[in-house]
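K.L.:
Starting off with a structure, shown below.
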Amino acid sequence: MLPNTPTYTRAAPGNLVAFTTSLLAAASASTAFSIGDSAGSPSSALGGTLQVAVTGGATVAATNGLVWTVQKAADTTPNWSPTPYVTGVTVAAVASTLKVSTPIDLPPGEYQLTVTNLDSANAVTYGATLAILA
């Protein structure tokens, strides 16, 4: 056994952004977070796993879904990269049903999660979970 075996800690759903966060029709929202920075996660963090979830509103339009991007920064300002580090689409095809993205593994760093509601007529709720490997 290694002297300092890393521990993967699963997180409570919505620990980064609560699953009850409302996003109006065609709106966007951003959340900054850190992996491996004592301000956002343990400084010993070796990485993290991100999942984004969306729940369709009472009505689901043909254009439903949530586009999400993760941008990374290397400086302290932070200046977010104009090119997404990773991007995805999570579609809530059934009204009032939670749909979760595929988990994305991220190395230590400074990140910004941006979500955009593709539904131009209906609000959705969304959330994000971040688990840490330290």
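Once you know that position 98 of the sequence shown is 105 in our numbering, the rest is easy, because the numbers rise by one and skip nothing. We treat Cβ as the ideally placed atom computed from N, Cα and C, and that holds for glycine. From a predicted model like this one, the values you see are computed outputs, not experimental measurements.
1) Within 10 Å of its beta-carbon, does D112 have 16 or more other beta-carbons around it, so buried, or fewer, so exposed?
2) In whole angstroms, what separates the C-alpha of Q78 from that of G64?
3) Have a look at N129, S108, T66 and R17 and flag the residue whose alpha-carbon is nearest the alpha-carbon of T3.
4) Select from T132, V93 and A141 the residue whose C-alpha is nearest the C-alpha of L31.
5) So who's on the other strand from N124, going by DSSP bridges?
6) Reducing DSSP to helix, strand and coil, say where G116 ends up.
7) How many Å lie between P110 and V59 at the Cα?
8) Opposite G134 in the DSSP bridges: which residues?
9) Under a three-way DSSP split, which group does Y92 fall into?
P.N.:
Well, looking at it:
1) exposed
2) 27 Å
3) Nothing can be reported for residue 3: it is not among the residues displayed for the chain, which extend from 8 to 141.
4) T132
5) Paired residue(s): L73.
6) strand
7) About 8 Å.
8) A60
9) coil
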